[in-house]
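Residue numbers (UniProt numbering): 1 to 110.
Listed below in structure tokens is the structure:
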């Protein structure tokens with residue numbers, strides 16, 4: 001159960017993904033530089049948010065589908081240092097820090 005066998009065509013559903021099990025996913029982009037400090041970043045460009053679990057007004061992802069999730073993010077810095085935190089239920093899970101070097105554009109991921 002939950003696996004696709006060789007030769008089978010996968011069933012793909014927007015709310016259930018390839019396996020037929022409920023899924024939750026989103027992909028977003030921040031189009032403006034220098035978001036406010038100390039609050040969730042409200043990413044304003046929505047590439048995928050079919051289940052509407054990501055709220056672009058608050059920057060908060062609220063998942064109603066239990067499971068294990070993978071998050072990744074990438075930031076570009078120029079002109080200032082950056083310190084980004086990934087939080088779960090208000091508690092930090094990890095931080096990413098990148099130090100600006102004059103004249104260079106840099107990228108960090110978490």
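By construction, the Cβ of each residue, glycine as well, lies at the ideal position given by its N, Cα and C atoms.
Between the alpha carbons of residue 66 and residue 102 lies a gap of roughly 44 Å. If the five residues before and after residue 72 are omitted, its C-beta is found closer than 8 Å to the C-beta atoms of 109, 110, all from its own chain and listed in chain order. Straight across, the Cα-Cα distance linking residue 99 with residue 81 is about 5 Å. A distance of 8 Å or more separates the beta carbons of residue 105 and residue 74. Every beta strand (DSSP E) stretch that sits fully inside the segment 14-96 and reaches 3 residues is listed by chain position as 27-29, 45-48, 74-77, 82-88.
In this structure, residue 30 and residue 39 do not form a Cβ contact; the two beta carbons are roughly 13 Å apart against a cut-off of 8 Å.
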